[in-house]
Amino acid sequence: MQEPEDYAHEVYQQTLTALENRYLRDDFNLETIQAEYEALTVYQGHGMDGRNLYKEAEIEGQIDAYQIFIHRRLQNDDID
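Shown next, in the form of structure tokens:
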């Protein structure tokens, strides 16, 4: 079984790819992505005691991907 850190990185890559694919769609909305990110951070803070290391790694990987994606979009939108 892979380590939680490796799993977090795998989830990060998958989530970032999914976000980038969504960006290419005509109905893309950064506000929706930001709302999803906020929901993930709230979810991360609730019920942490009952989660195993892999579920926590999954959530962390998703949050990291959302943070990077949002940061990149905001930077690129300022340039465009």
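Residue numbers for the sequence shown follow the numbering used here, beginning at 1039 and rising by one. Glycine residues also receive a C-beta, built at the ideal position from the N, C-alpha and C atoms.
Exposed unless 16 or more other CB atoms sit within 10 angstroms - verdict on residue i
i     : result
Y1045 : buried
A1095 : buried
T1053 : buried
Y1081 : exposed
Candidates the options: closest to residue i by CA position
i     : options                    : result
Y1075 : A1103, Q1051, L1112        : A1103
E1043 : H1109, Y1092, L1062, R1060 : Y1092
Residue i and residue j closer than 8 Å at C-beta
i     : j     : result
T1070 : I1101 : no
H1047 : G1088 : no
F1107 : L1057 : yes
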